[in-house]
Amino acid sequence: MISYERFTLSNGLKLIVHQDSSTPLVAMNILYNVGSRDESPERTGFAHLFEHLMFGGSVNIPKYDEPLQRVGGENNAFTNNDITNYYLTLPLVNLETAFWLESDRMLNLAFSKKSFDVQRNVVVEEFRQNYLNQPYGDAWLLLRPLAYKVHPYQWPTIGKEPAHIEQASMEEVKAFYNKFYNPGNAILVVAGNVDTQQIVELSEKWFGSIHKGEDYVRNLPREPVQTEARSLTVERKVPFDAIYKAWHMCSRNAPEFYATDLISDILSAGQSGRLYQELVKKKRLFSDINAYITGDIDDGLFVVTGKLMKGCSFETAEAAIEEELEKVRTEPASDTELTKVKNRMESLMAFGEMRVLDKAMNLAYYELLGNADLINTLIDQYQKVTAEEIRAQAASILRQENSSTLYYKAES
Amino acid sequence: MQTINRKIEPKGQSIENWNLKEPDIYYLSNGIKVVEFDAGTQELVRIELIFRAGSWFQANNFVALATNMMLREGSKHNSSARISDQLDFYGAHLETTAEKDNAYVSLYTLNKHLQNTLPLLMEIVKEAAFPEQEFLTFSGKQRQMLEVNLQKVNYIARTRFNSLLFGKSHPYGNYMITEDIDKIQVSHLRDFHSSHYHASNCIIMVAGKIDPELKNSLERSFGGDSWVKGEYREIVHEVKTAEKRTHFHPKPDAVQSAIRMGLPLFNRSHPDYQGIMVLNTLLGGYFGSRLMNNLREDKGYTYGIGSAAIPLKHGGYFFISCEVGSDVTVDAIAQIRLELLRLAEERAGEKELTLVRNYLLGSFLRGIDGPFAMADVYRDVMEHGLDSSFHYSMLETIQGISSESLRALAEKYLNPDQMFRLVVGNPELEASLSI
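Following this line, the structure appears as structure tokens:
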């Protein structure tokens, strides 16, 4: 049982405090409710570029990292389709430095031209390093627009192409900041051996006077129901063929989310997962294969990806996947298999919440979903799922006409 | 509302009063040493078996790795599928790693399932059978993975670079090619298992919220005499560094180059090791380092650049690595060289040095947070025959080393003209690299 207290400041900033006396470190996590789904289709990659700019100095503090490192702290951040999340840990005695730094960059940025020019280059290099100069690196750049025709999940967080990042202007950066980086659009979590009342006071002191800003009302188009199977074949200089299949699934807060997540576990959690045992070990058709869900807040994707063994054709590979999907669509999992995936989930959660930073991040995300208490009740959501619910979800999602398939061919 | 001056940073306090937790150490009746860290808040534990079974000890490439990874692929009593099924059923996670010196088998389990998962660990380690069919699947997968890795500039640079420092026939320098995999048969694995995975060659580390029954359970699973073998014998390998210092490896169509520069160095038992750790941090060991400031934050050449001094059981090495656009590769190398020269020519200012000292102290504090971290930090020094006193002395070095000592270390050890350099990138680059 993880205990915590929730507060809301008058400017709308949400605050959660978790007390853990077992560590000399304190974690601070600030989640901004903005991700790549909030971008314009002509300026993709912007939320992530912006994450880089948040380290380029704020209105009163020329450099973000240096003062934090000087008091023994360390920080990082990530952006995904839904959120931009900033986090740090530092020794408890220097906690106030974290408030000083994070509140100043919520107050206003320095918008330095130098930092802007450099970070555009850095992000373009990141694009090349992780997506263009890697075997299979562009697969998701191809799969997303195949699966999504309307919803902004059609582009990845890094953006559609480096040109979008290269063309970004300072005016656009400022407008983006004013629209999204406001207290009412953020969740602050502090976790460690802290005194809750003191955290509330520090939050009021440093964040309390920041102007509320305009409320952002998200109004994204819903992806229409897909009615026929889609596919795309590309040839690349890679050693082996690969296949990527995606099906539309529910949103994160839908009641059927947990059953859907467990389908992917039955298929591929751990080495005992069905796809690995059947298609990698017994039939030797794939060198690796995985099933997982994207877990996005809006309607997400259920994904199966695998690399084919040399000599195995796409037809054989796909028929073998289909055979396994037919089983999950028609036969409920046995009690043993169901217990297995639930036990595994319980274990993952225990190991995944060993550090204060893990707990701070999770609390912020669950609060965004509307229920910080998921940190204690998530496991019950999975425990409640029945084998028949899993089967029914599989039957409703894993249909041909709901699928998009990318055939990623090795150039001959 | 309080008025605050946001220009003034809150007063920072130095991090003191180190309290390094010492492990409880005991021995099983067959002599296996058990190192225990009882800490943490969750009812779980990691049980890690360490064997002197890294690539240092193999006669043929791929054997140490394959033996280690195949442990779970079938025992005398159970199939690979059955073992995986049982591990997953109890929510346990098994990790197997073979490094250059040692090999590791780690079980992560909730305490409530310990009585079911520990016997599985025992079976995996002591009764591994290396079934022929499983090996065929495994080696086929490994061959494909290797071929994919060989498409990555970073992978090529990492593996080829070490062969320049130590020689291709030295375990720290050798790298795998697909033909190595084809040469190995299960008999190699069975032999390696029998000669290296036994009680006289094993240390056990346990970390987590320790169940009072754990000690007895370990004794039952691993304390017997049946898997005690002969004494450990030291093996020696000869280092052969490359004659030429600058090298290029063409990678057609690459849009970025991987750059590696460095040289052989030493491990933790050398008196200058601790100073080098501080110096390395300043140069390329953290986000605010000089290399990051120059090549990323000033020039935008790279997503990231770093350096490290890697300690190994029988030596060590220093390296700098990054991936940069093909068009800026030449200047990136020039900038790295300038930073190395500056390190040896000028003393670091007090402001920068204070920053590095405090960053390292904070980083140390993070490094001992939680039971697994405590165990890892202790294991690192234990494997090199040292103990916690190394960490206390490291903390003194971090706080006390002078800027002149650091400069002198750079002059002595990090001269760019002595360094080996490898660039993996677009073939068109070769002409401009003065090789």
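Just so you know, the sequences run in chain order A and B. First residue of the first sequence? That's 405 in our numbering, and the numbers climb one at a time after it. First residue of the second sequence? That's 301 in our numbering, and the numbers climb one at a time after it. In this text, a Cβ means the ideal position worked out from N, Cα and C, and glycines have one as well.
query, result
"From T303 (chain B) to I603 (chain A), what distance separates their C-alpha atoms?", "18 angstroms"
"Could you pull out every residue in the same chain whose Cβ sits closer than 8 angstroms to the Cβ of S626 (chain B), ignoring the five residues on either side in sequence?", "A554, V555, Q556, S557, G725, N726, E728, L729"
"Distance check for A595 (chain A) and D424 (chain A), CA to CA, integer angstroms please.", "7 angstroms"
"Hey, V598 (chain A) and V421 (chain A): beta-carbon distance below 8 angstroms or not?", "yes"
"Using only alpha-carbon positions, find the residue among A:S519, A:T448, A:R410, A:Q797 that is nearest to P659 (chain A).", "A:Q797"
"Counting only beta-carbon separations shorter than 8 angstroms, does K731 (chain A) have a partner in chain B?", "no"
"For the putative contact between I562 (chain A) and F531 (chain A), defined by C-beta atoms under 8 angstroms, what is the C-beta separation to the nearest angstrom?", "5 angstroms"
"The alpha helix (DSSP H) with F531 (chain A) in it runs from where to where?", "517-531"
"What three-state label does DSSP hand V598 (chain A) in the structure shown?", "coil"
"M879 (chain A) touches chain B at which residues, Cβ-Cβ below 9 angstroms?", "The structure shown has nothing for residue 879 (chain A), since chain A only spans 405 to 816."
"Does any C-beta atom of chain A lie closer than 8 angstroms to the C-beta of F430 (chain B)?", "no"
"Chain A partners of G670 (chain B), CB-CB under 9 angstroms?", "S426, T427, M758, R759"
"Quick one: list the residues of chain A neighbouring T459 (chain B), beta-carbon separation under 8 angstroms, in chain order.", "Within 8 angstroms Cβ-Cβ: nothing; T459 (chain B) doesn't reach chain A, min ~16 angstroms."
"Is S414 (chain A) helix, strand or coil when you go by DSSP?", "coil"
"What residue does the beta strand (DSSP E) around Y812 (chain A) start on, and which one ends it?", "807-814"
"So the beta strand (DSSP E) V285 (chain B) belongs to, where does it begin and stop?", "The structure shown has nothing for residue 285 (chain B), since chain B only spans 301 to 735."
"Determine whether the beta carbon atoms of V475 (chain A) and V760 (chain A) lie at a separation below 8 angstroms.", "no"
"For R748 (chain A), count the other beta carbons within 10 Å of its own beta carbon; 16 or more makes it buried, fewer makes it exposed. Which is it?", "buried"
"Please list the segments of the beta strand (DSSP E) lying wholly inside the stretch 456-525 of chain B, counting only runs of 3 or more residues, in order along the chain.", "502-508"
"If L410 (chain B) and S517 (chain B) are in contact, beta carbons under 8 angstroms, what's the gap, nearest whole angstrom?", "The Cβ separation is near 14 angstroms, so there is no contact."
"Are the stretch 665-680 of chain A and the stretch 572-585 of chain A in contact at 8 angstroms, needing three or more beta carbon pairs?", "no"
"Taking the CB atoms as reference points, tell me whether G588 (chain B) and D469 (chain A) lie closer together than 8 angstroms.", "yes"
"Quick one: which residues of the stretch 617-649 of chain B get their C-beta closer than 8 angstroms to a C-beta of chain A? List them in chain order.", "E623, V624, G625"
"For the stretch 332-365 of chain B, list every residue whose C-beta sits within 7 angstroms of some C-beta in chain E, in sequence order.", "No chain E appears in the structure shown, which is made up of the protein chains A and B."
"Is the distance from the Cβ of G746 (chain B) to the Cβ of S751 (chain A) below 8 angstroms?", "Because chain B in this structure spans residues 301 to 735, residue 746 (chain B) falls outside the shown range and cannot be described."
"Which runs of the alpha helix (DSSP H) fall wholly inside the stretch 622-670 of chain B and span at least 4 residues, in chain order?", "629-645, 650-667"
"What are the residues of the stretch 476-494 of chain A that lie near chain B, defined by any Cβ-Cβ distance shorter than 7 angstroms?", "G476, G477, E478, T493, L494"
"Any beta carbon of chain A sitting closer than 8 angstroms to that of T602 (chain B)?", "yes"
"For P552 (chain B), count neighbouring C-beta atoms within 10 Å of its own C-beta (all shown protein chains included) and say buried if the count is 16 or more, exposed if not.", "exposed"
"Comparing alpha-carbon positions, which option in A:M432, A:L547, A:V708, A:D619 lies nearest L683 (chain A)?", "A:V708"
"To test your reading of the DSSP string, which unbroken beta strand (DSSP E) runs of 3 or more residues are found completely within the stretch 674-736 of chain A?", "690-697, 705-712"
"Using a C-beta cutoff of 8 angstroms, does R748 (chain A) count as contacting chain B?", "yes"
"What is the DSSP secondary structure of N433 (chain A), counted as helix, strand or coil?", "strand"
"Starting from the beta carbon of K452 (chain B), find every residue of chain A whose beta carbon is closer than 9 angstroms, and list them in chain order.", "N537, Q538, P539"
"Given a cut-off of 8 angstroms on the beta-carbon distance, is the pair M422 (chain B) and R679 (chain B) in contact?", "no"
"Strictly by DSSP, which residues pair up with G562 (chain B)?", "B:F619, B:F720"
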